[in-house]
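Undergrad: Under UniProt numbering, the sequence shown has 25 at position 25, and the numbering climbs by one with no breaks. From the three backbone atoms N, C-alpha and C, an ideal C-beta is built for every residue, glycine too. Keep in mind that this is a model prediction, so the values were computed, not measured. My questions all concern the structure below.
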Amino acid sequence: MNLFWAQGYEGASLEQLRRAMGGLSSASFYAAFGSKEALFREVLDLYLGTHGQVLNALRDETLSPRARIELALRRSACMQSDASHPPGCMITLAATIGSADCTAIQALTARERAANRQAIRACVEEAVAAGALRAETDVAGLAAVFDGLLLGLSLQARDGVPGSAMDAGITAVLAAWDKAA
Numbered sequence: 001m002n003l004f005w006a007q008g009y010e011g012a013s014l015e016q017l018r019r020a021m022g023g024l025s026s027a028s029f030y031a032a033f034g035s036k037e038a039l040f041r042e043v044l045d046l047y048l049g050t051h052g053q054v055l056n057a058l059r060d061e062t063l064s065p066r067a068r069i070e071l072a073l074r075r076s077a078c079m080q081s082d083a084s085h086p087p088g089c090m091i092t093l094a095a096t097i098g099s100a101d102c103t104a105i106q107a108l109t110a111r112e113r114a115a116n117r118q119a120i121r122a123c124v125e126e127a128v129a130a131g132a133l134r135a136e137t138d139v140a141g142l143a144a145v146f147d148g149l150l151l152g153l154s155l156q157a158r159d160g161v162p163g164s165a166m167d168a169g170i171t172a173v174l175a176a177w178d179k180a181a
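Right under this line is the structure:
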């Protein structure tokens, strides 16, 4: 997982992947996984079931919509800046650009990002419906601000921005929510 996370889908060569798995032969690699794309899909499932769980807060209906967004952002920033693994978010960074050979992987990671974007928008819509945000709140705009921050945290973590600075940014952006209340 860490090789794809650190170098991206296209950046991780088959030779590097085989070495990372204990020096598998090409035949053993293909017998075990079928293809690099199939391995990436397995790795993505593993990522979503572990590190990607930080965004489950977006769907936790026991929390207020604002608390869901705040918790997801803060947990994401913490996870992305954790030194025990590559920095940033694998979903955001592993396949955003690439050759025509990786369009299926790009579409797969784009669907995951779209699901998170929709979960953020659902939080804003729910807050408007409940009266926690004013009726005239620009739902699409406010959701885009939080989604943009979530995606931007990946680049900040990759660039070595300290977690405290990311946390301060989250606090500042949450003020946009509070102004719409």
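How would you call proline 162, buried or exposed, if buried means at least 16 neighbouring beta carbons within 10 angstroms?
TA: That one is exposed.
Undergrad: So is glutamate 70 buried or exposed if we call it buried at 16+ other beta carbons inside 10 Å?
TA: Glutamate 70 comes out buried.
Undergrad: Quick one: Cα of aspartate 138 to Cα of arginine 75, how far?
TA: Between aspartate 138 and arginine 75, the C-alpha separation is close to 25 Å.
Undergrad: To the nearest angstrom, report how far apart valine 43 and phenylalanine 29 are at their CA atoms.
TA: Roughly 14 Å between the two C-alpha positions.
Undergrad: Mapping DSSP to helix, strand and coil, what is alanine 83?
TA: The answer is coil: DSSP assigns alanine 83 none of H, G, I, E or B.
Undergrad: Compare the beta carbon distance of asparagine 116 and leucine 73 with 8 Å and say whether it is the shorter of the two.
TA: No, they are not a contact pair.
Undergrad: Does arginine 68 pass the burial test, meaning 16 or more other C-beta atoms within 10 Å, or should it be called exposed?
TA: By the neighbour-count rule (16 or more Cβ atoms within 10 Å), arginine 68 is buried.
Undergrad: On the DSSP letters alone, give me the boundaries of the alpha helix (DSSP H) that valine 54 sits inside.
TA: Segment: none, valine 54 is in no alpha helix (DSSP H) and carries neither H nor E.
Undergrad: Consult DSSP for alanine 143 and reduce its assignment to one of helix, strand or coil.
TA: Looking at alanine 143 - three-state DSSP - the assignment turns out to be helix.
Undergrad: Could you check the C-alpha separation between phenylalanine 33 and aspartate 159 for me, to the nearest Å?
TA: Taking the straight line from one Cα to the other gives about 32 Å.
Undergrad: Comparing alpha-carbon positions, which option in Met1, Leu93, Ser164, Ala180 lies nearest threonine 50?
TA: Checked all of Met1, Leu93, Ser164, Ala180; the closest Cα to threonine 50 is Met1.
Undergrad: Are the stretch 148 to 157 and the stretch 85 to 98 in contact at 8 Å, needing three or more beta carbon pairs?
TA: Short answer: they touch.
Undergrad: Would you grab the beta carbon distance between leucine 108 and valine 124 for me? Rounded to a whole angstrom, and I think it's under 8 Å.
TA: That belief does not hold up - the Cβ atoms of leucine 108 and valine 124 are roughly 26 Å apart, past 8 Å.
Undergrad: For leucine 174, name the three-state secondary structure that DSSP assigns.
TA: The answer is helix: DSSP assigns leucine 174 an H, G or I state.
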